[in-house]
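A.B. asks:
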Amino acid sequence: MTPVLEAVGLRKTYGAFVAVANATFTVRPGEIVGFLGPNGAGKTTTIRMITGLLRPDSGQVLVDGHDLRREPMAAKAVMGYVPDTPNLYGKLKAVEYLRFMAQLYRVPRTVAEPRMRSLLDLFELTDAAGNTLDSFSHGMQQKAAIAGALIHEPKIIFMDEPTVGLDPRSARLIKDLMIRQRDNGQSVFFSTHILEIAQHMCDRVIIINKGEVVADASVSELRQVKGDQSLEDIFLELTGDGEIDDMVAELSDGA
Ligand SMILES: Nc1ncnc2c1ncn2[C@@H]1O[C@H](COP(=O)(O)OP(=O)(O)OP(=O)(O)O)[C@@H](O)[C@H]1O
Ligand SMILES: [Mg+2]
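Here the sequence shown stands for residues 337 to 591, numbered as in this note's numbering.
1. Candidates ILE510, VAL418, PRO408 and THR468: which alpha carbon is nearest LEU458's?
2. With distance defined between alpha-carbon atoms, name the residue in ASN375, THR382, ALA343 and ALA438 nearest to ASP400.
3. Taking the beta carbon of LYS379 as the centre, do at least 16 other beta carbons fall within 10 Å, making it buried, or is it exposed?
4. Check the DSSP bridge columns for VAL344 and list the partner residues they point to.
5. In angstroms, rounded to a whole number, what distance separates the CA positions of ASP519 and GLU573?
6. Note down, in chain order, each residue of its chain lying with its Cβ closer than 6 Å to the Cβ of TYR441, except the 5 sequence neighbours on either side.
7. Please determine, among SER473, ARG516, VAL356 and ALA464, the residue with the shortest C-alpha to C-alpha distance to ASN423.
8. Quick check on this structure: which residue in MET337, GLY547 and VAL541 has the alpha carbon closest to the alpha carbon of LEU558?
9. Check whether the Cβ atoms of VAL418 and GLY466 sit closer than 9 Å, and answer yes or no.
10. Which residue or residues does DSSP assign as beta-bridge partners of ILE544?
11. To which residues of the same chain is ALA553 closer than 8 Å at the C-beta, ignoring the five residues directly before and after it?
12. Given a cut-off of 9 Å, decide if PHE525 and VAL369 are closer than it, judged by their beta-carbon atoms.
13. If VAL340 sits next to PRO374, beta carbons under 8 Å apart, how far is it from one beta carbon to the other, in whole angstroms?
14. Looking at C-alpha atoms only, which residue of LYS348, THR360 and PHE353 is the closest neighbour of VAL549?
15. Quick check: the Cα distance between HIS402 and VAL414, rounded to an integer number of angstroms?
16. Looking at the structure shown, is HIS536 part of a helix, part of a strand, or coil, going by DSSP?
17. Could you give the residue range of the alpha helix (DSSP H) that holds GLY484?
18. So does GLU367 have its beta carbon nearer than 8 Å to some heavy atom of ligand 3?
19. Provide the residue span of the beta strand (DSSP E) that contains MET415, from first to last.
20. For MET537, count neighbouring C-beta atoms within 10 Å of its own C-beta (all shown protein chains included) and say buried if the count is 16 or more, exposed if not.
21. How would the residue list near ligand 2 read, in chain order, if you kept each one whose beta-carbon is closer than 7 Å to any heavy atom?
22. Along the chain, where does the beta strand (DSSP E) that runs through ALA635 open and close?
23. Sort ARG405, THR468 and GLN478 by Cα distance to SER506 and report the nearest one.
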């Protein structure tokens with residue numbers, strides 16, 4: 337089966353600083369992939385490269401077989417993207433925003449309208465659909481952004497920390513949505529710091545540390561390799577912070 341995403345040897349530097357070194361990974365159709373790593377590890381940088389917002393120094397991105405650099409329209413037509421902070425057109429009403437996104441992705445109006453209504457329903461935004469986005473709370477904006485990213489039924493949706501700032505019910509909606517995507521044979525690639533979500537939701541996790549991919553496996557595979565530890569233990573070990581307990585002990589000794 338053709339992967340829906342292939343990232344090959346992605347590299348991004350800022351001056352002498354290597355933000356992402358040589359990131360290579362794939363996402364298959366119908367797969368939920370969690371992208372984990374400490375603050376500053378290179379997650380957002382990588383997501384911005386695979387969505388075409390940031391040009392890598394080197395490397396290649398294929399989305400559903402389309403080279404993002406040579407066929408950007410074809411590649412972007414099959415992806416959705418939700419950035420880490422929703423950055424919406426505040427003066428638009430939610431319903432106008434969704435119509436705008438539908439037009440951008442050339443979804444015919446007869447298809448877009450019922451889809452829009454079902455997304456607004458799913459995200460419990462129907463009552464607020466006539467209000468401008470700048471009147472929305474953070475969580476409502478986040479949900480509107482996700483609805484907008486789904487209006488063209490992308491084969492893969494990229495979400496950068498989608499559950500940050502969401503209440504438990506809204507976070508649950510996002511999780512249900514990911515499962516819905518997978519059930520439809522569509523893929524989800526999302527970054528998160530919430531290991532519990534990664535552990536429960538993901539078919540596979542990719543861990544990045546200091547710009548290098550240090551793990552790419554299912555949670556159960558990782559556990560087999562690492563001796564049945566929790567994902568948290570594995571994460572802390574792979575990202576070099578396994579000594580946190582020692583450091584905390586040392587702090588208390590010194591107190
Ligand atoms: N425009 C930029 N100029 C200079 N350095 C940058 C720039 N963008 C990112 N970086 C650096 O690249 C590294 C990776 O940043 P990135 O935002 O990708 O991390 P992240 O894994 O998303 O972290 P977080 O979990 O905090 O969101 C960081 O050290 C950051 O300071
Ligand atoms: Mg980030």
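Glycine included, every Cβ here is placed at the ideal spot set by N, Cα and C.
C.D. replies: This is what the structure holds:
1. Comparing Cα positions, the closest option is ILE510.
2. Here the closest residue by C-alpha is ALA343.
3. Result: buried.
4. DSSP links VAL344 through a beta bridge to GLN396.
5. Distance between the alpha carbons of ASP519 and GLU573 is about 33 Å.
6. Only HIS488 meet the Cβ criterion.
7. Ranking SER473, ARG516, VAL356 and ALA464 by Cα distance to ASN423 puts SER473 first.
8. Checked all of MET337, GLY547 and VAL541; the closest Cα to LEU558 is VAL541.
9. In this structure, VAL418 lies away from GLY466, with their beta-carbon atoms at least 9 Å apart.
10. VAL549, per the DSSP bridge assignment.
11. Closer than 8 Å at the Cβ level, and outside the excluded window around ALA553, lie ARG540, VAL541 and VAL561.
12. Against a cut-off of 9 Å, the Cβ pair of PHE525 and VAL369 comes out as a contact.
13. For a cut-off of 8 Å, the C-beta gap from VAL340 to PRO374 is around 27 Å, too long to register as a contact.
14. Nearest of LYS348, THR360 and PHE353 to VAL549, Cα basis: THR360.
15. Cα to Cα, HIS402 sits roughly 10 Å from VAL414.
16. Of the three classes helix, strand and coil, the one that applies to HIS536 here is helix, per DSSP.
17. Here the alpha helix (DSSP H) through GLY484 covers 474-486.
18. The model on display carries ligand 1 and ligand 2 but not ligand 3.
19. Where MET415 is concerned, the enclosing beta strand (DSSP E) stretches over 415-418.
20. So MET537 ends up on the buried side.
21. For ligand 2, the selected residues are LYS379, THR380, ASP420, ASP496, GLU497 and SER527.
22. Because the chain spans 337 through 591 in this model, residue 635 falls outside it and cannot be assessed.
23. When each option's Cα is compared against that of SER506, the closest is GLN478.
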